[in-house]
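In UniProt numbering, the protein residues as written are 1 to 75. Backbone N, C-alpha and C fix where the C-beta goes; we use that ideal spot for every residue, glycine too.
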């Protein structure tokens, strides 16, 4: 995919891209899947797409998004 987000000017860094840690889970994506996008790094303009295939841990939506965000920014 080649999705890029156009945030409000107050939500951008000086290069005009989304802040690191930005999570988008509404209005885009597949309505039949649980999927979301994370802008994990400041220097990379394309967000990563995450698709939850099966959740056996019963985490909340916010928990899963935070876990994915922390895992992607740990490298």
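Taking a C-beta distance under 8 Å as the contact criterion, residue 36 and residue 24 qualify as a contact pair. Pairing residue 30 with residue 49, the inter-Cα distance amounts to about 11 Å. Residue 34 has its alpha-carbon roughly 6 Å from the corresponding atom of residue 51. Secondary structure note for residue 72: its alpha helix (DSSP H) is the uninterrupted segment 61–72.
Bridge partners of residue 39 according to DSSP: 22.
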